[in-house]
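Taken in order, these protein sequences are the chains called A and B.
Going by the numbering used here, 101 is the number at position 101 of the first sequence; the sequence numbering is gapless.
Going by the numbering used here, 252 is the number at position 119 of the second sequence; the sequence numbering is gapless.
Heads up, the beta-carbon is just placed ideally off N, CA and C, and yes, glycines get one too.
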Amino acid sequence: MKVADIMQTTLETIGTEDSVADAVTTIAEQHVSGLPVVDHRGHLVGVISSTDVLQLLSEVSDPERRGDILEATLVREIMTAKPVTVEPDADVHDAARQMLYGEIHRLFVEYDGALVGVLSQSDIVGAVAGAKL
Amino acid sequence: MRVADIMRSNLKTIDADATVADAVASLTETGVSALPVVDRLGRAVGICSTQDVLAAEGRCQGPVAREQLFEKTLVLEIMTPWPTTAHPDEDVRKVAGRMLKDKVQRFFVEEQGALIGVISQTDIVAAVAATRV
Chain A
1 MKVADIMQTT LETIGTEDSV ADAVTTIAEQ HVSGLPVVDH RGHLVGVISS
51 TDVLQLLSEV SDPERRGDIL EATLVREIMT AKPVTVEPDA DVHDAARQML
101 YGEIHRLFVE YDGALVGVLS QSDIVGAVAG AKL
Chain B
134 MRVADIMRSN LKTIDADATV ADAVASLTET GVSALPVVDR LGRAVGICST
184 QDVLAAEGRC QGPVAREQLF EKTLVLEIMT PWPTTAHPDE DVRKVAGRML
234 KDKVQRFFVE EQGALIGVIS QTDIVAAVAA TRV
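This is how it looks when you write it as structure tokens:
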């Protein structure tokens, strides 16, 4: 089975210059654990996850500052740059290995330099549940 | 394949009356995305995930409320109360389907009322990577 068979093609993205508070809102609304970060041309440049946000919050020792740190920080400051990508025709078992070795929950799917989808752990779990793997 | 074959049994927990700041520190220190919540008698009463923290964060109106959330709010108030569990003898494919239906990342594994482990979507992806599923 190929990545393209089970990847999601509807993607919510966030901009590098958006605030972390905006990212938190989108993450909470979309019930996702992370968002692809795109530059002004729409190219994938990073990923911001709920773990990145918690890491930022945990590094603030002053409780008063913790209140506005999310508005004051830009997505590009805490995102993980150059996220791991996979091609649509890659084998799902290989993609699963990439996720494990990289300790990541999702792989972005790029074709000819364009972001075309995302493969999450849930997509693989879904394939297991449907006995497709 | 059964749940017991791929579940993890070394669990880090958090107290129900710990603060959200404590939970954030524990989540980031251990690098896990969720912690089982236990009461004063050590009984599991819920789960506190990074998603729960960010959802509570997203509901805060402004810096003061956010500070309040971290320093004054208890894990008990933002956790997801004791969720559906899995049995160690349950088939992994069946559990995979239940995880997606319930929209959760993990199930705690209980046997005769005792918490004995956790099975996450990552554990299922690992089984796929090893082509055990």
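- With a minimum length of 3 residues, the unbroken runs of beta strand (DSSP E) contained wholly in the stretch 143-200 of chain B fall at 167-171 and 177-182.
- Across the stretch 186-217 of chain B, CB contacts with chain A closer than 7 angstroms involve Val186, Leu187, Ala188, Glu190, Gly191, Pro196, Val197, Arg199, Glu200, Phe203 and Glu204, in sequence order along the chain.
- Contact between the stretch 59-77 of chain A and the stretch 207-217 of chain B is not established, with fewer than three Cβ pairs separated by less than 8 angstroms.
- Against chain B, the beta carbon of A/Thr25 has neighbours under 7 angstroms at Gly191, listed in chain order.
- Listed along chain B are Val157, each with a C-beta nearer than 7 angstroms to that of A/Leu57.
- For A/Ser33, there is no enclosing beta strand (DSSP E), as DSSP marks it with neither H nor E.
- With a threshold of 8 angstroms between beta carbons, B/Ile180 makes no contact with chain A.
- Residue-level contact by beta carbon holds for A/Gly126 and chain B, with a gap shorter than 8 angstroms.
- In terms of Cβ geometry, A/Val109 and A/Val118 form a close pair [threshold 8 angstroms].
- Listed as beta-bridge partners of B/Arg239 by DSSP are B/Ser253.
- Runs of the beta strand (DSSP E) lying entirely within the stretch 63-125 of chain A and spanning at least 3 residues, in chain order: 106-111 and 114-120.
- Non-local C-beta neighbours of A/Thr26 in its own chain, meaning closer than 7 angstroms and more than five positions away in sequence, comprise Glu12, Ile14 and Leu35, ordered along the chain.
- If you ignore the 5 residues before and after A/Val53, its C-beta comes within less than 8 angstroms of the C-beta of Val20, Ala23, Val24, Ile27, Leu70 and Ile78, all in its own chain and listed in chain order.
- Neighbours of B/Ile257 in chain A, taken as residues at a C-beta separation under 8 angstroms, are given in chain order as Gln121, Ile124, Val125 and Val128.
- With three or more CB-CB distances shorter than 8 angstroms, the stretch 54-62 of chain A counts as touching the stretch 155-173 of chain B.
- Here A/Gln121 has His105 as same chain residues with Cβ atoms under 6 angstroms from its own Cβ, once five neighbours each way along the sequence are excluded.
- For B/Asp222, the three-state secondary structure derived from DSSP is coil.
- Contact holds between the stretch 168-181 of chain B and the stretch 141-157 of chain B, because three or more Cβ pairs, one in each stretch, are under 8 angstroms apart.
- Residue A/Lys132 holds the alpha-carbon nearest to the alpha-carbon of A/His93 among A/Lys132, A/Ala81 and A/Pro83.
- In the assembly as shown, A/Glu17 is an exposed residue. Its beta-carbon has fewer than 16 other beta-carbons within 10 Å.
- B/Gly230 reaches chain A at Val125, Gly126, Val128, Ala129 and Gly130, counting residues in chain order whose Cβ is nearer than 9 angstroms.
- At a cut-off of 8 angstroms between beta-carbon atoms, B/Leu233 makes contact with chain A.
- By the beta-carbon neighbour count (other beta carbons within 10 angstroms, threshold 16), A/Ser50 is buried.
- Between B/Ala177 and B/Leu248, the alpha-carbon positions lie close to 7 angstroms from each other.
- For a Cβ distance threshold of 9 angstroms, residue set Leu160, Thr161, Gly164, Ser166 and Thr183 of chain B lies close to A/Thr51, ordered along the chain.
- By the rule that beta-carbons nearer than 8 angstroms mark a contact, A/Asp5 does not touch chain B.
- Residue pairing by DSSP puts B/Arg141 in a beta bridge opposite B/Val251.
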